[in-house]
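Everything below concerns the one structure shown next.
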Amino acid sequence: MSDRGNSRLKLVGAVVAVGALAAVGTGIVGRRQDEHKLATWTAEQAVPAVATIKPSPIKSGGVLTLPAALQALNSAPIYARTQGYVQRWLVDIGDNVKAGQTLALLDAPEIDQQLAAAKADLQTALANQNLADSTAKRWSGMLAKDAVSKQETDEKLGDLAAKTAVTNAAKAQVLRLEALAGFKLLVAPFDGVVTSRSVQIGALVNAGNAAAQPLFTVADVSRIRAYVRVPQQSSAGLKEGMAVKMSLPEYPGRAFTAKLTRTAQAIDPASGTLLVELQIANDDRALKPGAYAQADFPLQGESKTVTLPPSALLFGEHGMQVAVLGADGKAELRPVTLGHDQGKVIEVTAGLGADETVIDNPPESLRTGDAVRLANTTEKVADAAK
35 MSDRGNSRLK LVGAVVAVGA LAAVGTGIVG RRQDEHKLAT WTAEQAVPAV
85 ATIKPSPIKS GGVLTLPAAL QALNSAPIYA RTQGYVQRWL VDIGDNVKAG
135 QTLALLDAPE IDQQLAAAKA DLQTALANQN LADSTAKRWS GMLAKDAVSK
185 QETDEKLGDL AAKTAVTNAA KAQVLRLEAL AGFKLLVAPF DGVVTSRSVQ
235 IGALVNAGNA AAQPLFTVAD VSRIRAYVRV PQQSSAGLKE GMAVKMSLPE
285 YPGRAFTAKL TRTAQAIDPA SGTLLVELQI ANDDRALKPG AYAQADFPLQ
335 GESKTVTLPP SALLFGEHGM QVAVLGADGK AELRPVTLGH DQGKVIEVTA
385 GLGADETVID NPPESLRTGD AVRLANTTEK VADAAK
């Protein structure tokens with residue numbers, strides 16, 4: 035083969051070798067790029083994607099809505115104070131009654147018999163006392179004439195004193211039994227309405243049976259008490275005499291004006307609340323004891339309380355916490371103090387500002403210093419308390 039042919043073969047071989055090396059290099063570079071992309075994607079997936087939410091501040095001059103339990107101004111269960119059988123009942127549930135009005139009559143034959151015997155004993159005691167009195171007077175007269183000894187006269191005077199004591203005891207027994215006989219009439223303790231009746235004709239009732247149902251319940255509903263537990267952080271602005279609006283589900287659109295009459299003057303350590311009593315005039319009997327209502331307390335001054343949805347809360351080893359997203363993209367678990375639960379949102383009274391960003395539905399594995407990435411492009415805002 036000539037020298038020119040050999041040179042051509044060498045040139046072709048060199049070109050092929052260079053092409054092969056280029057293909058191998060391109061493949062290596064491509065694999066490295068793929069590996070880099072995979073590593074980047076894996077690292078991104080290792081950082082949890084989170085949604086964020088902005089706390090909503092409670093505006094100054096707003097309203098704090100709390101549940102209220104309605105009670106009658108006065109309510110009295112009526113029990114029997116003597117043993118007997120129910121002879122008649124004269125009122126039923128819903129009836130209006132006056133103080134001293136008879137509600138039911140009891141038949142107590144044992145009391146009647148004991149009273150008759152006590153009156154007979156009293157007559158006997160009075161007869162004995164009168165005899166002892168006349169005897170003592172006669173002997174005292176004879177003593178003045180030295181017809182009898184002083185000792186004998188003292189004995190007659192002592193007998194009179196003993197007979198007088200027996201008479202007084204007999205009188206007390208009669209009065210006691212007359213009082214028991216008077217309890218055969220069950221009467222209303224004050225003006226009001228009968229809210230319950232469990233008495234039945236012919237039923238045996240016993241005095242002092244605390245386990246038994248009351249025979250009647252009478253309630254004074256001319257005014258209604260409403261008891262509300264106000265969170266400690268909202269209690270400073272409460273003043274006696276302040277007006278509070280109340281609403282009931284059975285009267286949509288109607289507002290009742292109550293007056294704050296008193297507070298417990300102490301925070302309940304179990305619930306962190308102050309017990310407050312409101313009173314409302316109930317001339318039309320629209321309000322009923324035992325009903326549920328909502329009380330709207332006006333908020334005074336600047337409030338630092340914010341609200342969050344329950345989904346933004348974490349219960350950790352140090353109590354209730356929220357995950358705050360820092361400017362560096364890392365999470366911070368921060369303890370907070372909770373206030374009133376409004377249902378859709380919960381008040382946060384300490385530990386969180388309105389200008390901070392909170393992670394919604396934070397994963398339980400999240401720790402302070404963990405990096406996170408945003409999954410949402412727009413932040414939600416918690417509904418503020420109205």
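Each residue of the sequence shown is one higher than the one before, starting from 35 at the first, in my numbering. Glycine included, every Cβ here is placed at the ideal spot set by N, Cα and C.
So, for residue i: in the same chain, excluding its five sequence neighbours on each side, which residues have a beta-carbon less than 8 Å away from its beta-carbon?
i, result
"residue 281", "288, 289, 290, 327, 328, 330"
"residue 301", "266, 269, 307, 308"
"residue 77", "Residue confidence is low: residue 77 scores 48 on pLDDT, short of 50, so the model does not pin down where it sits. Its coordinate-derived value is still stated next. Answer for residue 77: no residue qualifies."
"residue 386", "89, 340, 342, 356, 358, 368, 370, 392"
"residue 153", "208"
"residue 285", "320"
"residue 409", "83, 84, 85"
"residue 317", "256"
"residue 363", "405, 406, 407"
"residue 129", "227, 228"
"residue 352", "369"
Residues in the same chain with beta-carbon distance under 6 Å from residue i, minus the five sequence neighbours each way, listed in chain order, please.
i, result
"residue 110", "223, 252"
"residue 238", "119"
"residue 160", "201"
"residue 388", "89, 91, 340"
"residue 254", "106, 107, 108, 224, 226"
"residue 166", "193, 194, 197"
Tell me whether residue i is buried or exposed, calling it buried when 16 or more other Cβ atoms sit within 10 Å of its Cβ.
i, result
"residue 229", "buried"
"residue 384", "exposed"
"residue 304", "exposed"
"residue 421", "Residue 421 lies beyond the residue range present for the chain, which begins at 35 and ends at 420; the question has no answer from this structure."
"residue 86", "buried"
"residue 116", "buried"
"residue 406", "buried"
"residue 101", "exposed"
"residue 250", "buried"
"residue 243", "exposed"
"residue 231", "buried"
"residue 127", "exposed"
"residue 361", "exposed"
"residue 194", "buried"
"residue 323", "buried"
"residue 184", "exposed"
"residue 275", "exposed"
"residue 283", "exposed"
"residue 163", "buried"
Using only the alpha-carbon positions, how far apart do residue i and residue j sit?
i, j, result
"residue 234", "residue 142", "15 Å"
"residue 341", "residue 89", "6 Å"
"residue 294", "residue 375", "22 Å"
"residue 395", "residue 307", "29 Å"
"residue 136", "residue 155", "31 Å"
"residue 402", "residue 366", "4 Å"
"residue 139", "residue 279", "44 Å"
"residue 180", "residue 197", "26 Å"
"residue 204", "residue 168", "20 Å"
"residue 114", "residue 106", "22 Å"
"residue 259", "residue 236", "37 Å"
"residue 313", "residue 219", "33 Å"
"residue 122", "residue 171", "53 Å"
"residue 97", "residue 271", "12 Å"
"residue 133", "residue 112", "13 Å"
"residue 332", "residue 400", "39 Å"
"residue 99", "residue 311", "15 Å"
"residue 398", "residue 338", "28 Å"
"residue 299", "residue 157", "59 Å"
"residue 277", "residue 292", "6 Å"
Identify, in the order they occur along the chain, each residue of the same chain with its Cβ nearer than 7 Å to the Cβ of residue i, setting aside the five sequence neighbours on each side.
i, result
"residue 187", "173, 174, 177"
"residue 81", "405, 406, 407"
"residue 211", "145, 148, 149, 152"
"residue 125", "131, 137, 228"
Would you check whether the ligand ADP has a heavy atom nearer than 8 Å to the C-beta of residue i?
i, result
"residue 138", "As presented, the structure is devoid of all ligands, the ligand ADP included, so that no description of it is given."
On the DSSP letters alone, give me the boundaries of the beta strand (DSSP E) that residue i sits inside.
i, result
"residue 372", "371-375"
"residue 109", "97-112"
"residue 115", "First-last for residue 115: undefined, no H or E at that position."
"residue 348", "347-350"
"residue 353", "353-359"
"residue 145", "Premise fails: residue 145 lies in the alpha helix (DSSP H), 143-178, not in any beta strand (DSSP E)."
"residue 201", "Run containing residue 201: none in the beta strand (DSSP E); it sits in the alpha helix (DSSP H), 184-216."
"residue 381", "380-384"
"residue 332", "326-332"
"residue 313", "307-315"
"residue 181", "Premise fails: residue 181 is in no beta strand (DSSP E) and is neither H nor E."
"residue 88", "83-88"
"residue 342", "340-342"
Within the 9 Å Cβ cut-off, does residue i reach chain B?
i, result
"residue 133", "Going by chain labels, chain B is absent from the structure shown, which holds only one protein chain."
Q: Please list the segments of the beta strand (DSSP E) lying wholly inside the region 219-294, counting only runs of 3 or more residues, in order along the chain.
A: As far as the region 219-294 is concerned, its whole beta strand (DSSP E) runs of at least 3 residues are 219-221, 226-231, 250-265, 277-281.
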